[in-house]
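> Protein chains in written order, with the numbering used here: chain A, 87 to 208; chain B, 87 to 208.
C-beta atoms are modelled at their ideal positions from N, C-alpha and C, and glycine is treated no differently.
Since this is a predicted model, take the numbers as computed values, not measurements.
There are 2 protein chains.
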Amino acid sequence: MNDLMPINLEKKFSAFTDHWEPKIVARMNGYDLKLVKFQGEFVWHRHGDTDEVFFVHKGEMSIFFRDGVVRLRQGELFVVPRGVEHKPAAAGECQVMLIEPAGTVNTGDAGGEMTAAADVWI
Amino acid sequence: MNDLMPINLEKKFSAFTDHWEPKIVARMNGYDLKLVKFQGEFVWHRHGDTDEVFFVHKGEMSIFFRDGVVRLRQGELFVVPRGVEHKPAAAGECQVMLIEPAGTVNTGDAGGEMTAAADVWI
Numbered sequence: 087m088n089d090l091m092p093i094n095l096e097k098k099f100s101a102f103t104d105h106w107e108p109k110i111v112a113r114m115n116g117y118d119l120k121l122v123k124f125q126g127e128f129v130w131h132r133h134g135d136t137d138e139v140f141f142v143h144k145g146e147m148s149i150f151f152r153d154g155v156v157r158l159r160q161g162e163l164f165v166v167p168r169g170v171e172h173k174p175a176a177a178g179e180c181q182v183m184l185i186e187p188a189g190t191v192n193t194g195d196a197g198g199e200m201t202a203a204a205d206v207w208i
Numbered sequence: 087m088n089d090l091m092p093i094n095l096e097k098k099f100s101a102f103t104d105h106w107e108p109k110i111v112a113r114m115n116g117y118d119l120k121l122v123k124f125q126g127e128f129v130w131h132r133h134g135d136t137d138e139v140f141f142v143h144k145g146e147m148s149i150f151f152r153d154g155v156v157r158l159r160q161g162e163l164f165v166v167p168r169g170v171e172h173k174p175a176a177a178g179e180c181q182v183m184l185i186e187p188a189g190t191v192n193t194g195d196a197g198g199e200m201t202a203a204a205d206v207w208i
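(1) Quick one: using the 10 Å Cβ neighbour count with 16 as the cut-off for buried, is Ala-177 (chain B) buried or exposed?
(2) Using a threshold of 8 Å, state whether the C-beta atoms of Lys-109 (chain B) and Ile-208 (chain B) are closer than that.
(3) Taking Asp-153 (chain A) and Asn-88 (chain B) to be in contact with their CB atoms under 8 Å, please state how far apart those CB atoms are, rounded to whole angstroms.
(4) Val-170 (chain A): which of A:Gln-125, A:Val-139 and A:Phe-124 sits nearest, CA to CA?
(5) Identify which residue in A:Leu-121, A:Phe-128 and A:Lys-123 has its Cα closest to the Cα of Glu-199 (chain A).
(6) Let me see if you follow: with CB-CB separation under 8 Å, is Phe-164 (chain A) close to chain B or not?
(7) Between Phe-151 (chain B) and His-131 (chain A), what straight-line distance do the alpha-carbon atoms span, to the nearest angstrom?
(8) For chain B, is any of its Cβ atoms less than 8 Å away from the one on Pro-174 (chain A)?
(9) With DSSP as the reference, label Phe-99 (chain A) as helix, strand or coil.
(10) Please list, in chain order, the chain A residues whose beta carbon lies closer than 7 Å to that of Thr-136 (chain B).
(11) In the DSSP assignment, the beta strand (DSSP E) including Gly-116 (chain B) goes from what residue to what residue?
The structure is reproduced here in structure tokens:
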């Protein structure tokens, strides 16, 4: 039998240092599992056509909404519903796994200089 | 502002003790994030219409294929491609998060007594 390799999040996170630039580690049915490091404040934006899962692998982060906030720690997740404006932020570095359709752009409808390529694998 | 509650995997896993019975903790775009505890051997089966993500939250498990095996530890994940026959197993208890379309049945095409309801939330 062949030994297949799992995807190890710790190893994948150790392979990059930039912030706010999601990297794809796996794809299922056209959905991407992406790793990203957050630090500081992102831009307000929305994804008009998709929900978005945030899962914290390490560290702490917040997702601000116009009328609320959710604070996430290691081992916690939250689903941002489609169309809902939000702004991720993290005081210290936070390691996050995102789940969203392939091709989803990090800044959604907002665009701007924090927009990252949506098709980078690591 | 309202403080929203994240989904804490540790708390969710501590809320049930049964094995091989996935519980939904979140839904995004019609996909479910399900928690399940594995112990022992599951049945050989396939899902003809969907890939399936296995992410290990705690413990160790294996996914056997007809021509190979992948061994997963905490913080590791693997995508089983649609149509590929597989058999999950774990020597000790293993806590796993599955990602798959809502309604996906755990035993796939195999059926049998290990088949669990696909719509149980926790």
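So, from the listed chains and residues:
(1) Classification for Ala-177 (chain B): exposed.
(2) With contacts defined by Cβ atoms closer than 8 Å, Lys-109 (chain B) and Ile-208 (chain B) form a contacting pair.
(3) Going by Cβ atoms, the distance from Asp-153 (chain A) to Asn-88 (chain B) rounds to 6 Å, so yes, they are a contact pair.
(4) Taking the Cα of Val-170 (chain A) as reference, the smallest distance to any Cα among A:Gln-125, A:Val-139 and A:Phe-124 is reached at A:Val-139.
(5) Nearest to Glu-199 (chain A) by C-alpha distance, out of A:Leu-121, A:Phe-128 and A:Lys-123, is A:Phe-128.
(6) Using a CB distance cut-off of 8 Å, Phe-164 (chain A) counts as an interface residue toward chain B.
(7) Between Phe-151 (chain B) and His-131 (chain A), the C-alpha separation is close to 42 Å.
(8) Pro-174 (chain A) does not count as touching chain B.
(9) In the three-state DSSP reduction, Phe-99 (chain A) falls in the helix class (H, G or I).
(10) Listed along chain A are Asn-115, each with a C-beta nearer than 7 Å to that of Thr-136 (chain B).
(11) Where Gly-116 (chain B) is concerned, there is no enclosing beta strand (DSSP E), given that its DSSP letter is neither H nor E.
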